[in-house]
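A.B. asks: Shown below is the structure under consideration.
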Amino acid sequence: MATGPHHGRAGKGQDACSCSASRGAKEPVNDYALGANLRRQILSDLERGLPLDGRRLQALVGDFCGQSQLALLPALKYLVLSPGFSSAASQQPPLPADPRLQLRLQQELNEVFAAPICARMDAVLRGLMGLQETNAPPAAAPLPSPIAASVQQNEPEPAEEVTEEYDDAMGPTEARGGSNGLVAVLSFMAGVLVVGVGGGLAWLLLQTTLPSNNPAEAQRPRLPGELITPSPDTTTTEAPPAPDLSQQASSDAAAAQAIASVEQLYNDLSLGNLQGARQRFSGEAADQFDPAFFRQFQRVSVDQLRTIGINGSQVSLEGVVTFVYPDGSSQSESRQFTVDTSTDPALITGSSFGQVTRGRQ
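Numbering (my numbering), first residue to last: 402 to 762.
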């Protein structure tokens, strides 16, 4: 279960100490290589059985930084203590190449650091999570189409004979006078014919569409036993169906059952009943549950739970989780839960991080 608050920035004195220790180290080629080198170090430590210690990683990140990465030290030290990094490193296998985990780490950095630092940390995170480095290739200049060039080359030149034939066809004005008069007479006759035919067709069409006004047919007496068929009432509208109150009541009961299950989970976590909390999960959510993560907090609570969707027995909720540290400081974040209400008690089958709603203070 990937949940947790975010730790504060490392101090400037510690940054200077780490940078001093890294002067003898080989400077990475770029920010992506910095993340890849840190990934290799973490995976190597885990293969040797060393525990994942955020404070130790804070001291090591300076050794991987070159002169061009000194400005990234505070963000790197914040990153290795963040809950998103702890969740990604505890996956099986550790630090999987999952863009969703990389996006969560980027969101946690965006809450604390300036945009230029976060933009550079995107490449570091891609190297850390084993994702492919993004390089935008320069746009190639458009080349002329060979087909268009061929058509343009093969286009024939205008022939002079066409112009000459056109001039000959026009002829002198005097020679065309008689033919123009004949054309005008024929055009007038054709126009009269078209108007007549069009008018006749319109009259026939009008006669076929008009209702019959035969008075004999209108006053025809009804035969004995002839039934009168009433005309349908087009103004009658069907009443809308009544709402299904039983289905609404069932949905409300499922939502209340899901909310009660999530609230009981965080009550068990606050009381230290980790075994009882584990029994509230099912499937993939049970595999992601990490009891050691919650031992660092004095109290964990959830509130503002609301239903955002119901699909059969699956109820989706959204709420705000608050983590209280032993020193009294706290931090809040939004989370979404998927609860299966077909079991008794209802079991949480999924949980996902939303965003930080209030930083640690």
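For glycine and all other residues, C-beta sits at the position ideal for the given N, C-alpha and C.
1. If we count Cβ pairs, one from each stretch, closer than 8 Å, do we get three or more for the segment 484–502 versus the segment 436–452?
2. Could you tell me the distance, in whole angstroms, from the CA atom of Asp454 to the CA atom of Pro484?
3. Does the structure place the segment 653–662 close enough to the segment 736–747 that three or more beta carbon pairs sit under 8 Å?
4. Alpha carbon to alpha carbon, how far is Leu666 from Asn431?
5. When the Cα of Leu510 is compared with those of Leu526, Pro497 and Leu435, which residue comes out closest?
6. Taking C-alpha atoms, which residue in Gly677, Glu534, Glu512 and Leu602 lies nearest to Ser733?
7. Can you give me the C-alpha to C-alpha distance between Gly601 and Leu594, rounded to a whole angstrom?
8. Determine the closest residue to Arg700 out of Phe682, Asp688, Thr723 and Phe690, with distance taken between C-alpha atoms.
9. Residue range of the beta strand (DSSP E) that Arg700 falls in?
10. Could you check whether the segment 705–720 touches the segment 687–694, counting it as contact only if at least three pairs of C-beta atoms, one from each stretch, sit closer than 8 Å?
11. In the DSSP assignment, the alpha helix (DSSP H) including Gly463 goes from what residue to what residue?
12. Since Phe694 is in the beta strand (DSSP E), which residue starts that stretch and which ends it?
13. Using the C-alpha atoms, what's the distance from Met590 back to Gly582?
14. Name the two residues that bound the continuous alpha helix (DSSP H) containing Gln658.
15. Go ahead and pull the three-state DSSP assignment for Leu748.
16. Name the one or two DSSP bridge partners that Gly720 has.
17. Classify Asp669: buried if its beta carbon has 16 or more other beta carbons within 10 angstroms, exposed otherwise.
18. May I ask you to list the residues that DSSP assigns as paired with Arg759?
19. Going along the chain, which residues of its own chain have a beta-carbon closer than 7 Å to the beta-carbon of Ala678, five neighbours each way excluded?
20. Check whether the Cβ atoms of Leu451 and Val462 lie closer than 8 Å to each other.
21. Pick helix, strand or coil for Phe754, following the three-state DSSP scheme.
22. Indicate the three-state DSSP secondary structure (helix, strand or coil) for Ala540 in the structure shown.
23. To test your reading of the DSSP string, which unbroken beta strand (DSSP E) runs of 3 or more residues are found completely within the segment 461–530?
C.D. replies: Reading off the structure:
1. yes
2. Translated into positions along the sequence shown, residue 454 becomes position 53. Translated into positions along the sequence shown, residue 484 becomes position 83. Straight-line spacing of the CA atoms in Asp454 and Pro484 works out to 13 Å.
3. yes
4. For the purposes of this step, residue 666 is taken as residue 265 along the sequence shown, with counting starting at 1. For the purposes of this step, residue 431 is taken as residue 30 along the sequence shown, with counting starting at 1. Cα to Cα, the separation comes out at about 44 Å.
5. Position 109 of the sequence shown, counted from the start, is the residue given in the question as residue 510. Among Leu526, Pro497 and Leu435, the Cα nearest to that of Leu510 is on Leu526.
6. The residue you call residue 733 lines up with position 332 of the sequence shown. Among Gly677, Glu534, Glu512 and Leu602, the Cα nearest to that of Ser733 belongs to Glu512.
7. On the sequence shown, residue 601 is found 200 positions in, with the first residue counted as 1. On the sequence shown, residue 594 is found 193 positions in, with the first residue counted as 1. Cα to Cα, Gly601 sits roughly 11 Å from Leu594.
8. Within the sequence shown, residue 700 is the residue found at index 299, counting from 1. Of Phe682, Asp688, Thr723 and Phe690, the residue nearest in Cα terms is Thr723.
9. Indexing the sequence shown from 1 puts residue 700 at position 299. Arg700 to Asn712 is the extent of the beta strand (DSSP E) around Arg700.
10. no
11. Against the sequence shown, residue 463 aligns to sequence position 62. Counting along the chain, the alpha helix (DSSP H) containing Gly463 begins and ends at Gly455 to Phe465.
12. Position 293 of the sequence shown, counting from 1, holds the residue named residue 694. Taken as a continuous stretch (DSSP letters only), Phe694 belongs to no beta strand (DSSP E), being part of the alpha helix (DSSP H) at Pro692 to Phe695.
13. Locating residue 582 in the sequence shown gives position 181, counting from the first residue. Locating residue 590 in the sequence shown gives position 189, counting from the first residue. For Gly582 and Met590, the distance between alpha carbons rounds to 13 Å.
14. What you label residue 658 is simply residue 257 of the sequence shown in a count that begins at 1. Taken as a continuous stretch (DSSP letters only), the alpha helix (DSSP H) holding Gln658 covers Leu646 to Leu672.
15. Residue numbering aside, residue 748 sits at position 347 when the sequence shown is read from its first letter. It is a strand residue.
16. Stepping through the sequence shown from its first residue, residue 720 is reached at position 319. Looking at the DSSP output, Gly720 bridges to Arg736.
17. For the purposes of this step, residue 669 is identified with residue 268 of the sequence shown, where counting begins at 1. It is buried - the Cβ of Asp669 has at least 16 other Cβ atoms within 10 Å.
18. As a first step, residue 759 must be located in the sequence shown, where it is residue number 358. DSSP, once it has assigned bridges, lists Ser733 as partnering Arg759.
19. Counting from 1 along the sequence shown, the entry for residue 678 is found at position 277. For Ala678, where only same-chain residues beyond five positions count, the Cβ hits under 7 Å are Leu666, Asp669 and Leu670.
20. Here residue 451 refers to the residue found at position 50 of the sequence shown. Here residue 462 refers to the residue found at position 61 of the sequence shown. No, these two residues do not count as a Cβ contact at 8 Å.
21. As a first step, residue 754 must be located in the sequence shown, where it is residue number 353. Strand at Phe754.
22. As a first step, residue 540 must be located in the sequence shown, where it is residue number 139. Low confidence applies here, because Ala540 scores a pLDDT of 36, under 50, leaving its location unreliable; read the following figure in that light. It is coil, neither helix nor strand.
23. none
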